[in-house]
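Student:
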Amino acid sequence: MPTPVYIAAGLKKSFSGNPFAQNYVLRGIDLTVQQGAVVGLLGQNGSGKSTLLKCSLGLLRPSAGQVTVLDEDGWDLSAEAKSRIGYVPQEVVSYPWMLARQVIEYTAAFYPRWNQPLVDELCRRWRLPLEERVAALSTGQLQTLGIVLALGHEPELLILDEPVASLDPVARRQFLRTLLEIVADRRRTVIFSTHITSDLERVATRVAMLRDGVIGLDGEMDELKDRVKRLHLAAAAPLPKDLAVPGALAVEIDGAEASITLANFDSSIVDQLRVAWNADVTVQDLNLEEMFIAVHEHCGGAAPSVANANNVKSAESDDSRNVPEIDCP
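In my numbering, each residue carries its 1-based index in the sequence shown increased by 561.
(1) What distance in whole Å lies between the Cβ atoms of L737 and D899, which are believed to be in contact at a cut-off of 8 Å?
(2) Whose C-alpha, out of L706, M852, W838, is nearest the C-alpha of I916?
(3) Which one or two residues does DSSP pair with Q627 in a beta bridge?
(4) Between F753 and G601, which are expected to be in contact by the criterion C-beta below 8 Å, what is the C-beta distance as a whole number of angstroms?
(5) Under the rule that 16 or more other beta-carbon atoms within 10 Å means buried, what is F826, buried or exposed?
(6) Spatial neighbours of V744 within its chain, please: C-beta separation below 7 Å, excluding the five flanking residues on both sides.
(7) Spatial neighbours of R645 within its chain, please: CB distance less than 8 Å, with the 5 preceding and 5 following residues excluded, ordered by chain position.
(8) Roughly how many angstroms lie between the CA atoms of L792 and V856, to the nearest whole one?
(9) Please determine, among V806, L800, K790, R748, the residue with the shortest C-alpha to C-alpha distance to I595.
(10) Relative to the C-alpha of A661, which candidate in K643, L706, K573, G701 has its C-alpha closest?
(11) Going by C-alpha distance, which of A570, I568, L804, Y585 is nearest F576?
(12) Does the Cβ of V775 have 16 or more other Cβ atoms within 10 Å, making it buried, or fewer, making it exposed?
(13) Please classify W838 as buried or exposed, where buried requires at least 16 other C-beta atoms within 10 Å of its C-beta.
(14) When DSSP builds the beta bridges, which residues end up paired with S754?
(15) Please classify G816: is it buried, with 16 or more other beta-carbons within 10 angstroms of its beta-carbon, or exposed?
(16) Three-state secondary structure (DSSP) at T917?
(17) In chain order, what are the residue ranges of uninterrupted beta strand (DSSP E) at least 3 long that sit wholly in the stretch 787-867?
(18) Please report the Cβ distance between T755 and L603, rounded to the nearest whole angstrom; I am assuming they are in contact, meaning their Cβ atoms lie under 8 Å.
(19) Could you check what DSSP says for D783 in three-state terms: helix, strand or coil?
(20) Given a cut-off of 8 Å, decide if G589 and G609 are closer than it, judged by their beta-carbon atoms.
(21) Taking K574 and S624 to be in contact with their CB atoms under 8 Å, please state how far apart those CB atoms are, rounded to whole angstroms.
(22) Mapping the DSSP letters down to three states, classify E641 as helix, strand or coil.
(23) R674: buried (16+ other C-beta within 10 angstroms of its C-beta) or exposed?
(24) Answer yes or no: does any C-beta atom of chain B fall closer than 8 Å to that of G626?
(25) Among P724, W658, E723, whose alpha-carbon lies nearest the alpha-carbon of L698?
(26) Could you pull out every residue in the same chain whose Cβ sits closer than 6 Å to the Cβ of Q704, ignoring the five residues on either side in sequence?
(27) Per DSSP, what kind of secondary structure is R694 in: helix, strand or coil?
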């Protein structure tokens, strides 16, 4: 079994300085990443992605919980561990008076394992202007330089914070293609944040969706496509507006029709809903963007696990239809 290279356990972060304050940016992150995985952190701006990555690298001290990176405390990483990590922040800050070539040469001096042929190839492929001063580089070129610097020493763990946000569509596709080539040997692990679902679908093996400082949905890419489904109900009579479906990311009621997005689909629930509400039930597959929208718009916390989905029922105690209770998987 692959070795975990990254473990976040009960990770919380607040910037208030008050341990009793409730305004946490991170509200209890649990995430384990195995060696060779390409994990995408998907979330809108303000969801906690950058804060999570900074807490992972000792750039921010967690308010509670712990992060273990390469078997070391993320807040107190040794020089040896840092030499095995590549990091690209959302805003790359370098030496504005230097030429891009000089920045690369300066950085290379710190890494005995620096792969100059790889760096030369990346600079050529991405058309990085090596004789331009850093101050004259565009935002996209500056981000490209940061990516080259992070890849040059062939890190075991690559952490990227919105790495392609400033790149044009062509450059973004080229970078993602190169990233796939670099991690193809399955020895390198990548954790990268983004809000662009198409990027994740191209390269990620696993997705963790963040909303308001918690992970709303997490799983292998293929697993998510198998387990997250949307059910469409057309019942014989109006459905209760407070129809509760444990394990659901979203429940939308419109008279006798309902749309239910499940975090853990089981085919038996289709028969149970059909019998309980005398309804026609159809199952819809969802793409990553549709899952993300369901998590962002409807999920108020971590998605319920299938083990907690015990009943499907209405909360109305005086419902005249005598709402049936259904055992769900």
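Built from N, CA and C at the ideal position, the CB exists for glycine as well.
Tutor: So, to answer that:
(1) For residue 899 there is no data in the structure shown, the boundaries of the chain being 562 and 890.
(2) Here the chain comprises residues numbered 562 to 890, so residue 916 is not present and cannot be evaluated.
(3) In the DSSP output, where bridge partners are listed per residue, Q627 has A570.
(4) About 6 Å; that satisfies the 8 Å criterion.
(5) Here F826 is buried, its C-beta having at least 16 other C-beta atoms within 10 Å.
(6) Excluding residues within five positions, the ones whose Cβ falls inside 7 Å are V599, V751.
(7) Non-local beta-carbon contacts of R645 in its own chain, meaning distances under 8 Å to residues more than five positions away in sequence, involve L631, P716, E717, L718 in chain order.
(8) Near 16 Å, if we compare the C-alpha coordinates of V856 and L792.
(9) Sequence inspection shows Gln at residue 595; the Ile mentioned does not correspond to that position. Here the closest residue by C-alpha is R748.
(10) The alpha carbon of A661 has as its nearest neighbour, out of K643, L706, K573, G701, the alpha carbon of L706.
(11) Looking at the Cα atoms, Y585 is the closest of the given residues.
(12) It is buried - the Cβ of V775 has at least 16 other Cβ atoms within 10 Å.
(13) By the neighbour-count rule (16 or more Cβ atoms within 10 Å), W838 is buried.
(14) According to DSSP, S754 bridges with L602, D722.
(15) With fewer than 16 other Cβ atoms from the protein chains shown falling within 10 Å of its own Cβ, G816 counts as exposed.
(16) No answer is possible for residue 917: the residues shown for the chain start at 562 and end at 890.
(17) As far as the stretch 787-867 is concerned, its whole beta strand (DSSP E) runs of at least 3 residues are 790-795, 809-815, 818-823, 841-846.
(18) Contact between T755 and L603 holds, since their C-beta atoms are separated by about 6 Å, short of 8 Å.
(19) Helix.
(20) Going by C-beta atoms, G609 is not nearer than 8 Å to G589.
(21) So it is a contact: roughly 5 Å between Cβ atoms.
(22) DSSP places E641 in helix when its eight states are reduced to three.
(23) Note on R674: under 16 other CB atoms within 10 angstroms of its CB, so exposed under the neighbour-count rule.
(24) This model lacks chain B altogether, as it is built from one protein chain only.
(25) Residue W658 holds the alpha-carbon nearest to the alpha-carbon of L698 among P724, W658, E723.
(26) Counting only residues of its own chain and dropping the five nearest sequence neighbours on each side, Q704 has a CB closer than 6 Å to the CB of V653, S727.
(27) R694: strand per DSSP, three-state reduction.
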